[in-house]
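One structure is given below, encoded as structure tokens.
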Amino acid sequence: MTSSYSLSSIRNTTKSEALLVAQKSYLFFPKQRLCVFSNETQFPKKDFLVLKPQISSSFSFLRLKNSSFTHPFAALSSFAESDGDKKSENFEVKSHQENAISSEEEGDLPGMAQAFHISSSTASAISICIALAALVFPFFMKSLGQGLVLKYKILSYVTILFGFYMAWNIGANDVANAMGTSVGSGALSLRQAVVTAGILEFLGALSMGTHVTSTMQKGILVANVFQGKDTLLFAGLLSSLAAAGTWLQVASYYGWPVSTTHCIVGSMVGFGLVYGGTGAVFWSSLARVTSSWVISPLLGAVVSFLVYKCIRRFVYSARNPGQAAAAAAPIAVFLGVAGISFIALPLSKNLTIALGQAITCGAIGAFVVDRIIRGQLGHLLAKASSKEPEPEPETTDAKNIGFLSDIAGPKGTQLKIVYGVFGYMQVLSACFMSFAHGGNDVSNAIGPLAAALAILQGGLSGADIVIPNDVLAWGGFGIVAGLTMWGYRVIATIGKKITELTPTRGFAAEFAAASVVLCASKLGLPISGTHTLVGAVMGVGFARGLNSVRAETVKEIVTSWLVTIPAGAIFAVVYTWIFTKLLAYIL
């Protein structure tokens, strides 16, 4: 069949009858008719929605017309459906000419190249540069040990590489907590998310990473059991890094978001049980950790459900949803910044002064965000205000709308404003979470690393050790490297595979997760950030209906949670046995 079909002939095609006009074909929809046309046939762009063939393992890129938001993962339905599950219009797909790589070439590319839409040679060059840096940089670190004999320097070098491996896997898996929802909703592209998270994660690890850590991580093991057994303890610390990193790599490969803290805990438990006995484990601490499997996702789901319902009730049901969103954003920023300042970063020990400073910080943050929104979206807000408000559906009485009522989403200019406002909000919350994550979770990699180095250098005299700045920077580099090379896998799960996300849904999930983690940490509740965010994304899906959550994906994620601690324990036992044999030969 040739490609000589005219525009008129294709317009006359009935229903879903398809025309195969060339090998390299593209789908287009002319007014609800599904046809196929080749790139050799020219049609007016405005008349058609053009779709290139989708490769199952790659990411399709959809862009909302006249909007800066790019939706990297979702199929057409993500933005085509508003939050009221009504289909929006004015979507276009990037043409074949705009993509640097053809669909046929993409199918043969490795995952990293497909995710970032770069050539395989560029992806390989990035990976090689990261690998060379990881092998060379340790020689310039003071923590490698000055004046040590050769065998201890070699062991220090190997230990530093083990710490990098753990940090790399933290970046590949855990950073999705901060950026997954932003990428899934279209607030950030994958490249923007990786660059932003990479910078903030590194700065957070270097500036906020703890300088003092417990030798027995997370209070899981009884330190006295291993006194005088430095070689065994060194092997156990190395095995914990290797075991946790191994399981994180397996989970990242399949796109499972698991808790890095639970990986370390499982590794420590396995090592302690086999080599220290049942008395070497604080079982009450382990019980608190396992209870977070239920507490974290449950709290995240409940809070995100309420936040999303509030958005639909008080923004979507307003006569001018765009103005309502613009007015709600500063309020949310005020609450968030003030809460963070008061709970997590108190500027004074005096309650009155701390409260006043928190309110001041919140007010400044709200003012700045309001100015940004008015500056960036002012023309749309003016356009929406100049128009007569759209009549409300006859079936909807604003006074009788309940909190759980199903409310149709806005359309047209109002939809662009609402998505724009919450897109900015989501980017801000993602940036904060990335910075905080770098400061908090880097200790999962550098804690055992610093303790192992202290043993080799004879500096482990008590329960606490000092972590040097170069080790903090090393952990930050490892996180950024893992995020760059493999982070897209778990980001895809968080952002797309659990439920469809838009800026409003993504903000609800992220805001709820941050709030729960912040408050629970202050109250001392056993909370996992990963589990909380997954629960929050599920809560947003449940707010749209039970069928909006993909049960198969949730089942896989929960199974991976249950297996994390046992898997870490088993790997740790195997690695410790191997390392003790090697160390006995070396030392």
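Note that the numbering used here has the sequence shown beginning at 6, numbered continuously upward.
Idealized CB from N, CA, C, for every residue including glycine.
**Prompt:** Per DSSP, residue 299 forms a beta bridge with which residues?
**Reply:** Per DSSP, none; premise fails for residue 299.
**Prompt:** Run through DSSP, which three-state label would residue 447 get?
**Reply:** coil
**Message:** Using CA atoms only, rank isn't needed, just tell me which of 132, 571 and 520 is closest to residue 343.
**Reply:** 520
**Item:** residue 164 to residue 430 span [Cα, whole Å]
**Value:** Rounded to the nearest angstrom, the gap between the Cα atoms of residue 164 and residue 430 is 41 Å.
**Sequence-distant residues of the same chain with beta carbon closer than 6 Å to residue 566, five excluded per side** = 298
**Item:** Reference residue 454, options 141, 162 and 120, closest by Cα
**Value:** 162
**Bridge partner(s) assigned by DSSP for residue 495** = BP columns for residue 495 are empty, so no partner.
**Message:** Please report the distance separating the alpha-carbon of residue 463 from that of residue 231.
**Reply:** 15 Å
**Asked** Is the beta carbon of residue 481 sitting closer than 7 Å to the one on residue 210?
**Response** yes
**Request:** Give the C-beta separation of residue 2 and residue 496 to the nearest angstrom, bearing in mind that I take them to be a contact with Cβ-Cβ under 8 Å.
**Result:** In the structure as shown, the chain begins at 6 and stops at 592. Residue 2 is therefore absent and cannot be evaluated.
**Request:** Kindly indicate which residue of 490, 558, 510 and 568 has the alpha-carbon position closest to the one of residue 116.
**Result:** 490
**Item:** Candidates 555, 525 and 559, of which the one nearest residue 308 by Cα
**Value:** 525
**Prompt:** Whose C-beta lies closer than 7 Å to the C-beta of residue 587 among residues of the same chain, with five residues either side of it excluded?
**Reply:** Here the set comprises nothing.
**Request:** Could you check the C-alpha separation between residue 424 and residue 417 for me, to the nearest Å?
**Result:** 11 Å
**Prompt:** Quick one: Cα of residue 581 to Cα of residue 241, how far?
**Reply:** Using only the alpha carbons, I get a separation of about 6 Å.
**Request:** List in chain order: all unbroken beta strand (DSSP E) runs of 3+ residues lying wholly within the region 138 to 190.
**Result:** None, since the region 138 to 190 contains no complete beta strand (DSSP E) of that length.
**Asked** Would you call residue 324 buried or exposed, if buried means 16 or more other Cβ atoms sit within 10 Å of its Cβ?
**Response** exposed
**Message:** I believe residue 139 touches residue 169 by the beta-carbon criterion, under 8 Å. Please report the beta-carbon distance rounded to the nearest angstrom.
**Reply:** The C-beta separation of residue 139 from residue 169 comes to about 5 Å, placing the pair in contact by the 8 Å criterion.
**Message:** Judging by CA-CA distance, which residue of 388, 338, 385 and 355 is the nearest neighbour of residue 366?
**Reply:** 338
**Request:** Assuming residue 306 and residue 543 form a contact by the criterion Cβ under 8 Å, report the distance between their Cβ atoms to the nearest whole angstrom.
**Result:** 5 Å
**Request:** Put residue 226 into one of helix, strand or coil per three-state DSSP.
**Result:** strand
**Request:** Starting from the C-beta of residue 150, find all residues in its chain whose C-beta is less than 8 Å away, skip the five residues before and the five after it, and write them out in chain order.
**Result:** 157, 158, 161, 458, 461 and 462
**Prompt:** Counting pairs of beta carbons, one from the region 263 to 276 and one from the region 507 to 514, are three or more of them closer than 8 Å?
**Reply:** no
**Message:** Can you check which of these residues, 123, 286 and 379, is closest to residue 331 by C-alpha distance?
**Reply:** 379
**Message:** If you follow the alpha helix (DSSP H) that residue 337 is in, where does it begin and where does it stop?
**Reply:** Looking at the DSSP string, the run of the alpha helix (DSSP H) that includes residue 337 is 326 to 344.
**Prompt:** Hey, residue 206 and residue 553: beta-carbon distance below 7 Å or not?
**Reply:** no
**Prompt:** Can you tell me whether residue 190 is buried or exposed, with buried defined as 16 or more other CB within 10 angstroms of its CB?
**Reply:** buried
**Message:** Please state whether the Cβ-Cβ distance between residue 269 and residue 445 is less than 7 Å.
**Reply:** no
**Spatial neighbours of residue 572 in its chain, beta-carbon cut-off 7 Å, leaving aside the 5 residues before and after** = The beta carbon of residue 572 lies closer than 7 Å to those of 252 and 271 in the same chain, with the five residues before and after it left out.
**Message:** Quick check: the Cα distance between residue 340 and residue 522, rounded to an integer number of angstroms?
**Reply:** 15 Å
**Message:** So for residue 263, helix, strand or coil by DSSP?
**Reply:** The answer is coil: DSSP assigns residue 263 none of H, G, I, E or B.
**Request:** For residue 314, count neighbouring Cβ atoms within 10 angstroms of its own Cβ and tell me buried if that reaches 16, exposed if not.
**Result:** buried
**Asked** What do you get for residue 121, buried or exposed, if any count of 16 or more other CB atoms within 10 angstroms of its CB means buried?
**Response** buried
**Message:** Let me check one thing: in DSSP terms, what residues is residue 286 bridge-paired to?
**Reply:** Its beta-bridge partners are 226.
**Local conformation of residue 135 per DSSP, three classes** = helix
**Asked** Would you call residue 144 buried or exposed, if buried means 16 or more other Cβ atoms sit within 10 Å of its Cβ?
**Response** exposed
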